[in-house]
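Everything below concerns the one structure shown next.
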Amino acid sequence: MVQAALKNLSYLSETDAEIAKLIGAEQQRQENTLELIASENHVSPAVLEAVGSCLTNKYCEGYPGKRYYSGCGNYDEIEALAIGRARKLFGCNYANVQSHSGANANLAVFFALLEPGDVFASIELSDGGHLTHGSPVNLSGKWFKPVPYPLIYDESQPNYGHIDFDALRRVCLEHRPKLIMCGYSVHSRIIDFAQFRSVADECGALLLADIAHIAGLVATGVHPSPFPHCHVVTTTTHKTLRGPRGGMILTNDEKLATQIDKAVFPGNQGGPLMHAIAGKAVAFGEALQPAFNEYCRQIVTNAIVLAEDLMARGYHIVSNGTDNHVMLLDLRHTDQELSGHTVSTWLESAGIIANKNTVPRDSRSPFVTSGLRLGTPALTTRGFKEPQIRHVAGLLDRVINSGGHVDAIAEVNDQVKSLCAQFPLAY
Ligand code: DSN
């Protein structure tokens, strides 16, 4: 099997058999497992070609038309195409496509808009935030002062699991943050950017949306746009947007755009990864096609079906459902002893890849956790629709219900392989 997967690695298998073998094995793993990690996806062969091209050879510090090295003409055109397509996709005036990742994009925005020690408001990691939103172990939490705003934790409330806007307003009026961050790594509900803006205006803060997870949904109108409400938007390009790994920063404000460009280069990066920028341009071109709109709608339909099926089987999902591509199972409601670590390990043995995740007010560490995060972007890329998603819900239930029994895992793994064979990847 691995040998067959090596067919596209003819040079590498000659020159470095060890790495070729591992890439081949990874290709097989991706082909034969169900990917439910909400932040992962499968790029198109076209994106893969761009990222694997000779563009990796060139240094292009600077921006189109203003480079520090010679020989950048082709790269100017590639980056200009990426910028133009990003602006069209998100309906904004300025795009910086050079950030190597979402974390770098957030860091650049902090560098552009804040001074060390400045206060900003965000959600904590355990409530669905991100490391770069003020975690004490990240530069954002070490060099700046995050003040957390909460969710509605009370499960009996109709808006359980949503943002607590009354509390957000109270926190912001008390602490007067210079910046409010919205946009999350695990949040299943539509983000009300207009409400965030009204709080930001009331306390004199800038508003930053990190749409890394929902970028594809935003680009297609399946989730409301952060524009015109947010001053700055950061994103990754590899989640629902289905591009290569990377980051991007968007704004409508000319002055902020200039500050952001300087913060990315020379502020916190050197030479841009031009092969990745070409991959971004290709992915943005794909996302501008009508088929991508259908794809994003199907991601959400699939997530709603998965959430409803699991809830019907008795599982507890934070916020009692989903409006987007992701959901968080609170396993404490299934069995107090069950951890996200244990369940994700059982599932991996069965060929189902999902990640353990803290749930709001989790007493377990991020290495153990009481939750399991599930997302539908990668399965939707494979072509899964409602019937296959219901099948997947049954497989998840079978593994969890069996307590990780070896027979159940083997039985589910057979079904996973058969599903994967019916819906092969494009390469
Ligand atoms: N690690 C990503 C995620 O899984 O959501 C966020 O950067």
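Using this note's numbering, you'd call the opening residue of the sequence shown number 62 and step up by one each time. Cβ atoms here follow ideal geometry from the backbone N, Cα and C, with glycine treated the same way.
Under the DSSP assignment, T295 falls in the beta strand (DSSP E) whose first and last residues are V293 to T297. Rounded to the nearest whole angstrom, the C-alpha separation of R146 and I413 is 35 Å. By the criterion of a C-beta distance shorter than 7 Å, N93 is surrounded in its chain by G412, K478 and C481, once the five residues flanking it on both sides are discounted. If you draw a 10 Å sphere on the C-beta of D370, you find 16 or more other C-beta atoms in it, and that means buried. Contact between the segment 221 to 235 and the segment 201 to 211 is present: three or more C-beta pairs spanning the two stretches fall below 8 Å. As the crow flies, the alpha-carbon of D314 is around 18 Å from that of Y124. Annotation: T403 to A324 spans about 42 Å, alpha carbon to alpha carbon. Straight-line spacing of the CA atoms in P287 and S105 works out to 27 Å. Cα atoms of S259 and K127: separation of roughly 38 Å, rounded to the nearest angstrom.
Where D458 is concerned, the enclosing alpha helix (DSSP H) starts and stops at E447 to N462. The segment 308 to 341 contains, as complete beta strand (DSSP E) runs of 3+ residues, the segments 308 to 312 (chain order).
The beta carbon of S380 sits closer than 7 Å to those of Y221, G222, H223, S249 and R250, all from its chain and outside the five residues before and after it, given in chain order.
With contact defined as three or more Cβ pairs closer than 8 Å, the segment 438 to 446 and the segment 93 to 102 are in contact.
In this structure, K316 sits away from E101, with a CB-CB distance that is not shorter than 9 Å. In its chain, beyond the 5 residues on either side, V247, L389, G401, T430, G432, L433 and R434 have a beta carbon closer than 7 Å to the beta carbon of N418.
Between N199 and the set P285, S160 and F171, the nearest pair of CA atoms involves F171. If you look at A156, you'll find it in the beta strand (DSSP E) that goes Y155 to N157.
Taking a C-beta distance under 9 Å as the contact criterion, L278 and G307 do not qualify as a contact pair. For the pair Q320 and L174, the CB atoms are nearer than the 9 Å cut-off. DSSP places N418 inside the beta strand (DSSP E), whose first and last residues are N416 to N418.
If you look at R434, you'll find it in the beta strand (DSSP E) that goes G432 to G436. The set of residues with CB atoms less than 5 Å from any heavy atom of ligand 1 reads, in chain order, S100 and S246. V247 carries a coil assignment under DSSP once its states are collapsed to helix, strand and coil. With respect to the 9 Å criterion, L457 and Q476 are not classified as neighbours on the basis of their beta carbons. In the structure shown, Y120 falls within a coil segment according to DSSP collapsed to helix, strand and coil. Separation of the CB atoms of V294 and L311 is rounded to 4 Å, and the pair is thereby assigned contact status at 8 Å. In this model, G189 and H274 are separated by some 11 Å (Cα to Cα).
In this structure, R425 sits away from Y214, with a CB-CB distance that is not shorter than 9 Å. Annotation for R237: C264 place their beta carbon closer than 6 Å to its own, counting only its chain and skipping 5 residues before and after. Judged by DSSP in its simplified three-state form, F205 adopts coil rather than helix or strand. Taking every protein chain shown into account, the CB of L83 has fewer than 16 other CB atoms within 10 angstroms, so this residue is exposed.
The beta carbon of L349 sits closer than 7 Å to those of R146, K149 and L150, all from its chain and outside the five residues before and after it, given in chain order.
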